[in-house]
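The block underneath contains the structure these notes are about, expressed in structure tokens.
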Amino acid sequence: MSNKLADEISSAELDALMKNAISVVESNFDESHLPAAIRDFVQPISTATCQGTYVTTMMLCGAMPCLTNGAAIRLWTQKASPLALLVFHIAPPQRGKSRLFQTCEVLMEVCDDIVEQMAHEHARALQPEGADELPVQVKSMAIQSRTATEMFFRCSCDYPQVQAGHGLNQKGVGASKRDVQTTRLWWGQCINCDEAYEFWDLFGLTGDKTSGVNPHASMLNTLINQGRTKRATRTSTNYGEGVRAKPISLSVLGNGHPKRVVAMERGLIGNHTVACKERFLLVTDHSVARHDKLPPHITSSSGSRYTWLPLTPLQAKVFQWQDLLNNPAYFKQAGSLQVTEDDDVEDIDQPGLETEGPPHGFPVVLPDGVPSRVRYVRQPGQALVTEFRISSRWTLADPTDHIKEGAKRVCQHSQPSTFRLGNGI
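305 is the number that full-length UniProt numbering gives to position 305 of the sequence shown; each next residue is one higher, with no gaps.
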């Protein structure tokens, strides 16, 4: 297999690899492994995004370094090292990977709001007594698309994250540098990539095979190890990215399809002289369709785990269910439709409901493989109405506020820039 080109990795081989990877996750991870507080925080997000608990937890963990404002951890007897995590969610197409990307975006928005509050407090400290309030411009601590120069600039200690002064024009650009003061107030940086191919290409990991060393990959390794970039002195008051410079805690988050990742891991594409990809955490997990059943511990706002919808003639054609539309006798025919064993039958508490056949319906399988049920409801003075069942996931409470509260707690706890983790706190 080692001499295969990346394009020669078959779909069947990729499917087998992904199934094996997910089986490893399921064999070694269980929700009970998480502390109760973490589990309670992750479960609503996992359910709403239709992603497994493991991959949801890992992507949230990957976001923690940038939310902790330059936090460092001392694991051994050496100097504390800045937190850095590079986590990539690997899954086939159309599995909802972008939903976790959006979740991480919410975390960054909360951090941006806190940095903006800090910036206004900083500006008030600069403001002479009795003078007008200083205009403030704050740049986000997260970026999605970037050049190598921009990325490393944002990860430098002298990045002008906050600008304050009367020299700012309406667009937030310094019209007069003498009237604008710049500083960095938040020492965490996030690169959040929905589809991380541009990021991998930037460091030569998924392009053509070469024998040279990608300088950007080498600099990324330095940034991960030290929290600093190899930048020259930019100002008269800064000694460059030396030992006196404050380190950056870094989060790189992304997602991608397995084909290029497998080729990268096998060394079929890209340049890996500096062992950059060995610093990545590649995570995967099962995912479910939005209409699939809810986890046992989740209850919708309606109190019902399922929702019954009318089956229209157009849907019946798309599902290839024309023969069962308004036809209860269909399920009396041997071999009429492949069905599954479905023990998740919810008690039907609908006073006055009149059905032909059991009120919980007959088991069927939707075209995408999700188990469902079909029932026939008789309404007074009307013909039979065929209904099919989906989960009540769509009635769940929006977890956005839940996510924001968690992010706010982390950021506020980490506001002091001397925050340290591990031995010697």
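Using N, Cα and C, we set each Cβ at its ideal position, and we do this for glycine too.
Computed from a prediction, not measured in an experiment: that's the story for all the values here.
query	result
Complete beta strand (DSSP E) runs within the segment 57 to 112 (minimum length 3 residues, chain order)	72 to 74 and 84 to 90
Paired residues, beta bridge with Leu309 - DSSP	Phe388
Helix, strand or coil at Asn20 according to DSSP, with G and I counted as helix	helix
Backbone secondary structure at Ala131 - three-state DSSP	coil
Residues near Leu205 in its chain [Cβ-Cβ closer than 6 Å; skip 5 each side]	Met264, Gly270 and Lys277
Three-state secondary structure assigned by DSSP to Phe152	helix
Sub-7 Å separation of Leu253 and Val115 beta-carbons	no
Proximity to Asp15 [Cα-Cα], best of Cys66, Pro92 and Cys61	Pro92
Buried or exposed (CB count within 10 angstroms, at least 16 for buried), Ala232	With a pLDDT of 44 at Ala232, under the threshold of 50, the modelled position of this residue cannot be trusted; read the value that follows with caution. Exposed, by the Cβ-count rule.
Gly381 burial status per 10 Å Cβ neighbour count (16 or more: buried)	exposed
Under 7 Å between C-beta atoms of Leu67 and Val410	yes
Reduced DSSP category for Tyr376 - H, G, I as helix; E, B as strand; rest coil	strand
With 16 other Cβ atoms within 10 Å as the buried cut-off, status of Leu223	buried
Residues bridged to Pro363 (per DSSP)	Arg373
Stretch pair the segment 207 to 222 + the segment 37 to 48: three plus CB contacts closer than 8 Å	no
DSSP three-state assignment for Ser27, whether helix, strand or coil	helix
Touch test, the segment 153 to 168 against the segment 131 to 138, Cβ-Cβ under 8 Å, three pairs minimum	yes
Distance, His122 Cα to Tyr159 Cα	16 Å
C-beta atoms of Ile248 and Cys190 nearer than 7 Å	no
Whole-angstrom distance between Asp208 and Asp201, CA atom to CA atom	10 Å
Stretch-stretch touch, CB-based, cutoff 8 Å, three pairs: the segment 371 to 387 with the segment 400 to 409	no
Boundaries (first-last residue) of the alpha helix (DSSP H) holding Thr47	Ala36 to Thr49
Own chain residues within Cβ distance below 6 Å of Gly62, not counting five before or after	Leu85, Val87, Ser251 and Leu253
Inter-residue spacing [alpha-carbon to alpha-carbon] between Arg184 and His216	23 Å
Delimiting residues of the beta strand (DSSP E) encompassing Leu281	Leu281 to Val283
Helix, strand or coil at Glu8 according to DSSP, with G and I counted as helix	helix
For Cys157, the three-state DSSP class (helix, strand or coil)	coil
N- and C-terminal bounds of the alpha helix (DSSP H) containing Ile224	Pro215 to Gln226
Straight-line gap, Thr229 to Phe153 (C-alpha atoms, nearest Å)	8 Å
Residue closest to Cys193, alpha-carbon to alpha-carbon, out of Leu396, Asn221 and His89	His89
Sub-7 Å separation of Gln51 and Leu126 beta-carbons	no
Glu356 versus Val364: straight-line alpha-carbon distance, rounded	17 Å
Gly406 in three-state terms, based on DSSP	helix
Exposed unless 16 or more other CB atoms sit within 10 angstroms - verdict on Gly361	buried
Residues near Met108 in its chain [Cβ-Cβ closer than 6 Å; skip 5 each side]	Ala142 and Cys190
Bridge partner(s) assigned by DSSP for Thr183	Val162
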